[in-house]
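Have a look at the structure below, then the notes.
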Amino acid sequence: MLQAFRDAINDYSTPPEKDVFPDLTDKIGSYVSFLKECRSLSVGMENAIKFLKNRIGKLHWTTMQKTRLGFSLTDSEATATLQSDIDYFINQRIILADKGPHFSEKKGTLFSEKKGIVDYAVTKIEDKDVLLTYGSSSVVQMLFVYAHKLGKKFQVVVVDSHPMLEGQSLLRRLVAKGIASSSVLSNGTVYSRIGTASVAMVAHQLRKPVLICCEAYKFHERARLDSICCNELGDPDAILKVRGRRDSDHLSNWADVENSEGWNFPYIFFSVPYTVHFVLMIYVNSYDTTPSEYVTAIVSDYGIVPPTSAPLILRLYKDEVDR
Numbered sequence: 001m002l003q004a005f006r007d008a009i010n011d012y013s014t015p016p017e018k019d020v021f022p023d024l025t026d027k028i029g030s031y032v033s034f035l036k037e038c039r040s041l042s043v044g045m046e047n048a049i050k051f052l053k054n055r056i057g058k059l060h061w062t063t064m065q066k067t068r069l070g071f072s073l074t075d076s077e078a079t080a081t082l083q084s085d086i087d088y089f090i091n092q093r094i095i096l097a098d099k100g101p102h103f104s105e106k107k108g109t110l111f112s113e114k115k116g117i118v119d120y121a122v123t124k125i126e127d128k129d130v131l132l133t134y135g136s137s138s139v140v141q142m143l144f145v146y147a148h149k150l151g152k153k154f155q156v157v158v159v160d161s162h163p164m165l166e167g168q169s170l171l172r173r174l175v176a177k178g179i180a181s182s183s184v185l186s187n188g189t190v191y192s193r194i195g196t197a198s199v200a201m202v203a204h205q206l207r208k209p210v211l212i213c214c215e216a217y218k219f220h221e222r223a224r225l226d227s228i229c230c231n232e233l234g235d236p237d238a239i240l241k242v243r244g245r246r247d248s249d250h251l252s253n254w255a256d257v258e259n260s261e262g263w264n265f266p267y268i269f270f271s272v273p274y275t276v277h278f279v280l281m282i283y284v285n286s287y288d289t290t291p292s293e294y295v296t297a298i299v300s301d302y303g304i305v306p307p308t309s310a311p312l313i314l315r316l317y318k319d320e321v322d323r
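Just so you know, the sequence shown maps onto residues 1 to 323 in the UniProt record's numbering.
And the structure:
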């Protein structure tokens, strides 16, 4: 998404008799509206959009101040500055937030020595550990690969579920390397791929630590008590039709109202018999919420903290981004 915004800003030209910053803000707003119509925005996407709009507003204010002092900023210079800000967010908040300095190609640059999630999380892996992960996560994959490079001896259990089956791709990538996350809300609740909460609750019941790897830009001041109040609906056919199992297609025509059977009630409303058709509605949530009491710690690019310290990560992130 940010790369698409960067390309749009690079191709942008200010219309006649219009100011670059208000017009560009409107353009970005229309792009965001289009994205929302296609799919619900994730927490990380929302924070990235806030960052870009905040940068446009700050650049507008700075330009007005310089104009009063007799300095001017051309439209090309303004768009180049915004493209640089987007590159900063991608490199420092997404890439290096996961990888840290060990994976950085530009040593000696700003923040190149700042620790990432992998650096903090690898300290929790000991020899002979058995690590269980659910689904697929790029930062978890990097963590396992880095720990393997350090010579740590451990086993990985990949838990997967239908219909996404994301864990299969993670398993193939780990095997190829020789090895046999989500957003966090202000109340410490973890909002991640559906099934995560079940795995965390089982681990909590067995008194096993649960670590959540999450970049700081995915933290949000919103608080949720459950996954019903806000969620993304998935495709019902994805769970009704299981590959390789023909006996699971009993509800293949669930959306066809004409095929639904009616039930006769002959003694309702003036004894006039009629038929009531029940229509089956299937809702498939894409994400669930894991309560903070089932999470041992959250590993972010600011370190390892308990889930109750999510507001602290939010404040540190905002203070650094708003500079």
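Glycine included, C-beta positions come from ideal geometry on N, C-alpha and C.
Beta-carbon contacts of L211 that lie in its chain and below 7 Å, excluding the five residues immediately before and after: A121, K124, T296, A297, V299
R207 burial status per 10 Å Cβ neighbour count (16 or more: buried): exposed
Test item: CB-CB of V156 and L143 under 8 Å: no
Anticipated Cβ contact below 8 Å, T133 with V140, distance rounded: 5 Å
Distance between P22 and T63 (C-alpha atoms, nearest Å): 13 Å
R173, DSSP secondary structure in three states: helix
Given A197 as reference, the closest of L225, I313, H148 once Cα atoms are compared: L225
Status (buried if at least 16 other CB within 10 Å, exposed otherwise) for I282: exposed
Same chain only: Cβ atoms within 8 Å of E215, ignoring 5 sequence neighbours per side: G44, R93, I94, A97, D98, I117, V139, S300, D301
Identity of the residues DSSP links to S6 by a beta bridge: The identity of residue 6 in the sequence shown is Arg, whereas the question assumes Ser. Paired residue(s): none; R6 is not in a bridge.
CB-CB length for V284 against I239, believed under 8 Å: 6 Å
Buried versus exposed call for H162 [16 or more other C-beta atoms within 10 Å across all chains shown]: exposed
Cβ-based burial, I313 [other Cβ within 10 Å; buried from 16]: buried
Which of helix, strand or coil DSSP assigns to Y287: strand
Inter-residue Cα distance where the pair is F154 and A176: 16 Å
Closest by C-alpha distance to F51, when choosing among I86, S76, E17: I86
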